[in-house]
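Student: Heads up, this note's numbering is the position in the sequence shown plus 2, with the first residue counted as 1.
Sharing a structure, written as structure tokens. Questions coming.
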Amino acid sequence: MKKVSVLGYGTVGSGVVEILRENAELIEKRTGEKIQVKSVLDLRDFPGDPVQDIIVHDFEEIKNDSEVQIVVETMGGLHPAYEFVKASLESGKSVCTSNKALVAAYGPGLLKLAEEKNVNFLFEASVGGGIPIIRPLKVSLAPDEILEISGILNGTTNYILTEMTEKGSDFDSVLKDAQEKGYAEKDPTADVEGYDACRKIAILTSLAYGKQLDFEDIYTEGITKITDRDIQYAKKLGAKIKIFGSSKKVGDKVSAMVAPKLITSSHPLYSVDGVFNAILVKGNMVGDVMFYGQGAGKLATASAVVSDVIDEAKHFNINVKTLWDSEKLALMPTKEVSFRFFVRIHGKKEEAAAQAECAFGKVTPVDVGFEDEYGFVTEEMTESAFEKAAGEVDVINRIRFD
Ligand code: HSE
3 MKKVSVLGYG
13 TVGSGVVEIL
23 RENAELIEKR
33 TGEKIQVKSV
43 LDLRDFPGDP
53 VQDIIVHDFE
63 EIKNDSEVQI
73 VVETMGGLHP
83 AYEFVKASLE
93 SGKSVCTSNK
103 ALVAAYGPGL
113 LKLAEEKNVN
123 FLFEASVGGG
133 IPIIRPLKVS
143 LAPDEILEIS
153 GILNGTTNYI
163 LTEMTEKGSD
173 FDSVLKDAQE
183 KGYAEKDPTA
193 DVEGYDACRK
203 IAILTSLAYG
213 KQLDFEDIYT
223 EGITKITDRD
233 IQYAKKLGAK
243 IKIFGSSKKV
253 GDKVSAMVAP
263 KLITSSHPLY
273 SVDGVFNAIL
283 VKGNMVGDVM
293 FYGQGAGKLA
303 TASAVVSDVI
313 DEAKHFNINV
323 KTLWDSEKLA
333 LMPTKEVSFR
343 FFVRIHGKKE
353 EAAAQAECAF
363 GKVTPVDVGF
373 EDEYGFVTEE
383 MTESAFEKAA
393 GEVDVINRIR
403 FD
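Structural data, given as structure tokens:
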């Protein structure tokens, strides 16, 4: 039997306990032994809850409990999650976590510590919630060089953009509605500004190339500037606007970015709508593979955590190597990356069209009937060439094509 402690009895932590209880028999068969939750760390008490008698308030009790072999960190935040995870690994316990902030910031150090202690540090739930993506990247795609990762990695923003597209509503009213329905946080900054997706693509890219990609180094643009007018232009272009976390191998460097992009119906992720997430990975041998599912939610995320618990129980006393060194990944400067851009500029049609051609060269107009602005698509150009040209006109907004 393996004994587990869960740090944090919130949405995901309680989901982990529920799955280990509900599917206990199946999990035992698949693991080859029982997995029992021995203790749950939380500041609160939970009278009447199945865990009421195993709640502890002091992490030291768990750290010093030699019977606990696996620690599940579902507290979130960096501190004290980092200190608790580090101390657990130092005490010879395997750890699994759903905490993307922790993994993005401290992944390589914690993996090294796990290796030294001959235990495991796993984090399947940190990206894509219930979607298996970390283990496939590490194991199933291990034979391949990864050429590209392109992901709709945030359910909140995908829901908002889907609603804007389907209902023609503006960003603020969709966000308010999403908050009322509980699909968006009270403080939606991390989602709508792309910070959540940024940490996720940092983790996936680091794993794909075995080196550290600091999330602070990734150019990140959220969806707050997308308006109902942009959506109308997108429809005219036969496209949808989706926010992607993406990275691509370019020679011996990697480009990475989080930004809203226009995709047409030929794109594999075109039909990924609502709160769903999906990730497209291109391997140099396997070709394109896609992963689709619920990127958040209690049981979906907890299911991914429990998959790590089972993996750790099956690899007791065996460190399963994860290649992710602290050495920095060589990142291509964003200004060198090329896209076709959809651009809206201020001005009346003829005059604005002439300005656009003068600044950008050949452009393709997109007309949805607005008198006070001019929309067009550029040829493929680098970010720096775009910035230079954009300085010569009065840009309202611009969105990259994927
Ligand atoms: N806020 C995240 C999302 C939850 O909307 O996808 C999972 O990280």
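Note that CB positions come from ideal geometry on N, CA and C, so glycine has one too.
These numbers come from a predicted model, not from an experiment.
Evaluate contact between the stretch 245-255 and the stretch 302-322, counting only Cβ atoms and requiring at least three cross-stretch pairs below 8 Å.
Tutor: no
Student: If you follow the beta strand (DSSP E) that D290 is in, where does it begin and where does it stop?
Tutor: By one-based count along the sequence shown, residue 290 stands at place 288. G289 to Q296 is the extent of the beta strand (DSSP E) around D290.
Student: Under 8 Å: do the stretch 287-296 and the stretch 250-268 share three or more Cβ pairs, one atom per stretch?
Tutor: The count of Cβ pairs closer than 8 Å, one atom from the stretch 287-296 and one from the stretch 250-268, stays below three, leaving the stretches out of contact.
Student: Are at least three pairs of beta-carbons, each pair with one atom in the stretch 92-104 and one in the stretch 117-129, less than 8 Å apart?
Tutor: yes
Student: Just mark L28 as buried or exposed, buried being the case when its beta carbon has 16 or more other beta carbons within 10 Å.
Tutor: Taking the sequence shown and counting its residues from 1, one reaches residue 28 at position 26. With fewer than 16 other Cβ atoms within 10 Å, it is exposed.
Student: Across which residues does DSSP place E20 in a beta bridge pair?
Tutor: Residue mapping note: residue 20 aligns to position 18 of the sequence shown, counting from 1. E20 pairs with nothing; no bridge assigned.
Student: Kindly indicate which residue of K5, T366, K390 and W326 has the alpha-carbon position closest to the one of L113.
Tutor: As a working note, residue 113 is residue 111 in the sequence shown. When only C-alpha atoms are compared, the closest one is W326.
Student: Less than 9 Å separating the beta-carbons of D44 and G79?
Tutor: In the sequence shown, counting from the first residue as 1, residue 44 sits at position 42. In the sequence shown, counting from the first residue as 1, residue 79 sits at position 77. Contact flag unset, no.
Student: M3 to K31, Cα distance in whole Å?
Tutor: Stepping through the sequence shown from its first residue, residue 3 is reached at position 1. Stepping through the sequence shown from its first residue, residue 31 is reached at position 29. If you take the alpha carbons of M3 and K31, they lie about 12 Å apart.
Student: Using the beta-carbon count (16 or more within 10 Å), is N156 buried or exposed?
Tutor: In the sequence shown, counting from the first residue as 1, residue 156 sits at position 154. The residue in question, N156, is buried, as its Cβ has 16 or more Cβ neighbours within 10 Å.
Student: Rank I401, F388, P335 and K183 by C-alpha distance to the C-alpha of C360 and give the top, closest one.
Tutor: If you number the sequence shown from 1, residue 360 lands on position 358. Nearest C-alpha to C360: F388.
Student: Among the residues of its own chain, which have a CB less than 7 Å from the CB of K102, if the five just before and after it don't count?
Tutor: Residue numbering aside, residue 102 sits at position 100 when the sequence shown is read from its first letter. Here the set comprises S128, V129, R201, K202 and I205.
Student: Could you give the DSSP three-state label for V395: helix, strand or coil?
Tutor: Walking along the sequence shown from the start, residue 395 turns up at place 393. Note: V395 maps to coil in three-state DSSP.
Student: For L9, report the span of its beta strand (DSSP E) as first-last.
Tutor: The residue labelled residue 9 in the question sits at position 7 within the sequence shown. Segment K4 to L9, the beta strand (DSSP E) holding L9.
Student: Please identify the residue among N25, L9 and V260 whose C-alpha is closest to the C-alpha of L301.
Tutor: As a working mapping, residue 301 is identified with position 299 in the sequence shown. Nearest C-alpha to L301: N25.
Student: Check whether the stretch 137-157 and the stretch 274-284 touch, using three or more Cβ-Cβ pairs below 8 Å as the test.
Tutor: yes
Student: Using only alpha-carbon positions, find the residue among R346, A392 and I136 that is nearest to V370.
Tutor: Taking the first residue of the sequence shown as 1, we reach residue 370 at position 368. Taking only the C-alpha atoms, the option nearest V370 is R346.
Student: Please classify Q54 as buried or exposed, where buried requires at least 16 other C-beta atoms within 10 Å of its C-beta.
Tutor: Along the sequence shown, one-based indexing puts residue 54 at 52. Around the beta carbon of Q54, fewer than 16 other beta carbons sit within 10 angstroms, so the residue counts as exposed.
Student: My assumption, with CB atoms under 8 Å, is that K242 sits in contact with T167. Please give the rounded CB distance.
Tutor: Within the sequence shown, the letter at position 240 stands for residue 242. Within the sequence shown, the letter at position 165 stands for residue 167. Confirmed, about 6 Å.
Student: N122 and S93: beta carbons closer than 9 Å?
Tutor: Walking along the sequence shown from the start, residue 122 turns up at place 120. Walking along the sequence shown from the start, residue 93 turns up at place 91. For N122 and S93, no; Cβs fall outside 9 Å.
Student: Give the residues whose C-beta lies closer than 6 Å to at least one heavy atom of ligand 1, in chain order.
Tutor: G131, N156, G157, T158, D193, D198, G297 and A298
Student: Could you check whether R231 and F372 sit closer than 9 Å to each other, using their CB atoms as the reference points?
Tutor: As a first step, residue 372 is located in the sequence shown; it is residue number 370 there, counting from the start. As a first step, residue 231 is located in the sequence shown; it is residue number 229 there, counting from the start. In contact: F372 and R231 (Cβ atoms closer than 9 Å).
Student: Whole angstroms is fine: what's the gap from S41's alpha carbon to S90's?
Tutor: Residue numbering aside, residue 41 sits at position 39 when the sequence shown is read from its first letter. Residue numbering aside, residue 90 sits at position 88 when the sequence shown is read from its first letter. Computed Cα separation, rounded: 14 Å.
Student: To the nearest whole angstrom, what separates the beta carbons of G132 and A306, a pair I think is in contact under 8 Å?
Tutor: Here residue 132 refers to the residue found at position 130 of the sequence shown. Here residue 306 refers to the residue found at position 304 of the sequence shown. Yes, G132 and A306 are in contact; Cβ-Cβ is about 5 Å, under 8 Å.
Student: Looking at C-beta atoms only, is the number of pairs between the stretch 206-217 and the stretch 254-271 that lie closer than 8 Å three or more?
Tutor: yes
Student: Would S7 be called buried (16 or more neighbouring beta carbons within 10 Å of its own) or exposed?
Tutor: As a working note, residue 7 is residue 5 in the sequence shown. It is buried - the Cβ of S7 has at least 16 other Cβ atoms within 10 Å.
Student: Alpha helix (DSSP H) containing Q234: first to last residue?
Tutor: For the purposes of this step, residue 234 is taken as residue 232 along the sequence shown, with counting starting at 1. Element bounds for Q234: D230 to K238.
Student: Report buried or exposed for A236, applying the criterion of at least 16 other Cβ atoms within 10 angstroms of its Cβ.
Tutor: In the sequence shown, residue 236 corresponds to position 234, counting from 1. Under this definition A236 is a buried residue.
Student: Based on the DSSP secondary-structure assignment, which residues constitute the bridge partners of G111?
Tutor: Here residue 111 corresponds to residue number 109 of the sequence shown, with the count starting at 1. Its beta-bridge partners do not exist; DSSP assigns none.
Student: May I ask you to report which of helix, strand or coil DSSP gives P1?
Tutor: As shown, the chain starts at 3 and ends at 404. That puts residue 1 outside it, with no answer to give.
Student: I174 to D193, Cα distance in whole Å?
Tutor: On the sequence shown, position 172 is the one that residue 174 refers to. On the sequence shown, position 191 is the one that residue 193 refers to. Looking at the sequence shown, residue 174 is not Ile but Asp. Distance between the alpha carbons of D174 and D193 is about 14 Å.
Student: Buried or exposed: where does D47 fall if 16 or more other Cβ atoms within 10 Å of its Cβ makes it buried?
Tutor: Reading the sequence shown from its first residue, position 45 is the one you call residue 47. The residue in question, D47, is exposed, as its Cβ has fewer than 16 Cβ neighbours within 10 Å.
Student: What first and last residue would you give for the beta strand (DSSP E) that runs through N279?
Tutor: As a working mapping, residue 279 is identified with position 277 in the sequence shown. Unbroken beta strand (DSSP E) run through N279: F278 to G285.
Student: I need the straight-line Cα distance from K88 to F61, nearest angstrom please.
Tutor: Mapped onto the sequence shown, residue 88 falls at position 86. Mapped onto the sequence shown, residue 61 falls at position 59. The straight-line gap from Cα to Cα measures roughly 12 Å.
Student: State yes or no: is the C-beta of F344 within less than 9 Å of the C-beta of F403?
Tutor: Within the sequence shown, numbered from 1, the residue matching residue 344 stands at position 342. Within the sequence shown, numbered from 1, the residue matching residue 403 stands at position 401. Cβ atoms of F344 and F403: closer than 9 Å.
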